[in-house]
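Worksheet: one structure, shown below.
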Amino acid sequence: MKRKDIIRIIGVSGYFLFLIISLVLGFNPGKEIGYNFGSFSLDMLKILPGAFILIGLFEVWVKRETIEKHFGEESGVRGYLWAILLSSTTVGGLYVAFPVAYSLYSKGAKLSVIFTYLGAAAICRIPMAIFEASFLGIKFTAIRWLVSLPLVIVTSMLLGNYLTKRNYRITVGK
Amino acid sequence: MYLYLVAGLALLASFLVSREKTLQALKIAARRFVKILPAFLTMIILVSIVLFLIPDEVISKYLGGSDKFIGVIFASLFGSVTLMPGFIAFPLSGILLKEGVAYMVLAAFTTTLMMVGVLTAPIEKAYFGMKVTVIRNVMGLFIALFVTLAIGVAFGEIFS
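Residue numbers (our numbering), protein chains in the order written: chain L, 1345 to 1518; chain S, 506 to 665.
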């Protein structure tokens, strides 16, 4: 674990050193990468604080029993429906969905529902779908949903059951 | 931005009910955020390099080739290894469509873009571990191929 951290620190410092040297010497590829880094960081910083505040409030206010009932082992079909509904409101991208999924899991949601949420968050975000339909047509978007959503649910069930059998546990920060 | 409207209202409501719990929520938020920050840094660094190596023009060039099956392969590859917000990806797809790129190719590109995340793997790995990350992304790739085939059939592209 320690060695991994050292490699990481060297990699990250090397990257920033490269950006600084590029800026000083006017090396264009380096400047472009630096610009990409800046604009993408800004995009993230616009979304992440809001998302994590909501996650914090969720952790404090939502009871474990509520999540177990609607997303847990006893939830049945409704668990998947809730997961898809919740995913359609996801902002940003999957990088926001991962911490949300982790919170749901730590409050007692079952794995197959969590994976359904993640898969659906990738493909079913409503603002994105509206955008997609306006550029590629409603037929395209409709087919994509009709084909991908059932597959997401089925593969999530398979993966969830497989991992549950093997006593898999999510451990953050590993 | 409606996210901050929702977050702000929720925070206010929470504060009115219990100051203590709200403070606790903010602490949890900050702790979770700091904990995952290294993974985010890794992702942003990877994104900044990949976006430089594969700019939009390169994607247009490889997707717009005459053979749509080769186009599908390139589209899946680009879609998997790049990260692009929808407000860039769909207009780009719209332009490519007008230039005569097959719906199948665009289906492969947009679906892998959404479902397969090589660049978000550092974050996914931090939460779910390497094994689950790999399995989930490979499944995403297969789903994208199914979607591509279905689009190909629906738009009459696959047998022509």
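Think of the CB as a built atom: it goes at the ideal place given N, C-alpha and C, for glycine as much as any other residue.
(request) Could you say which of S:V606, S:A626, S:T617, S:K630 lies nearest to E662 of chain S if we only look at CA atoms? (result) S:V606
(request) Spell out a yes or no on whether the segment 512-531 of chain S and the segment 591-611 of chain S are touching, meaning 3 or more CB-CB pairs, one atom from each, closer than 8 angstroms. (result) no
(request) Identify whether R536 of chain S lies in helix, strand or coil by the three-state DSSP scheme. (result) helix
(message) Less than 8 angstroms between CB atoms is the rule here; does K573 of chain S satisfy it with respect to chain L?
(response) no
(request) Measure the alpha-carbon distance for N1511 of chain L versus G1504 of chain L and round it to whole angstroms. (result) 10 angstroms
(request) Answer yes or no: do F1479 of chain L and P596 of chain S have a C-beta to C-beta separation smaller than 8 angstroms? (result) yes
(message) Do I1399 of chain L and V1444 of chain L count as a contact pair if the criterion is CB distance below 8 angstroms?
(response) yes
(message) Can you give me the C-alpha to C-alpha distance between S581 of chain S and F647 of chain S, rounded to a whole angstrom?
(response) 10 angstroms
(request) Spell out whether any CB of chain S is found under 8 angstroms from the CB atom of Y1461 of chain L. (result) no
(request) Examine the Cβ distances between the segment 626-639 of chain S and the segment 532-552 of chain S and report whether three or more of them are shorter than 8 angstroms. (result) yes
(message) Less than 8 angstroms between CB atoms is the rule here; does T1499 of chain L satisfy it with respect to chain S?
(response) At least one chain S Cβ lies under 8 angstroms of T1499 of chain L.
(request) State the Cα-Cα distance for the pair T1499 of chain L and V1457 of chain L, rounded to the nearest angstrom. (result) It is roughly 11 angstroms from the alpha-carbon of T1499 of chain L to the alpha-carbon of V1457 of chain L.
(request) Could you tell me which uninterrupted alpha helix (DSSP H) segments, each at least 4 residues in length, are contained entirely in the segment 1412-1481 of chain L, listed from first to last along the chain? (result) 1421-1432, 1438-1450, 1455-1467, 1470-1480
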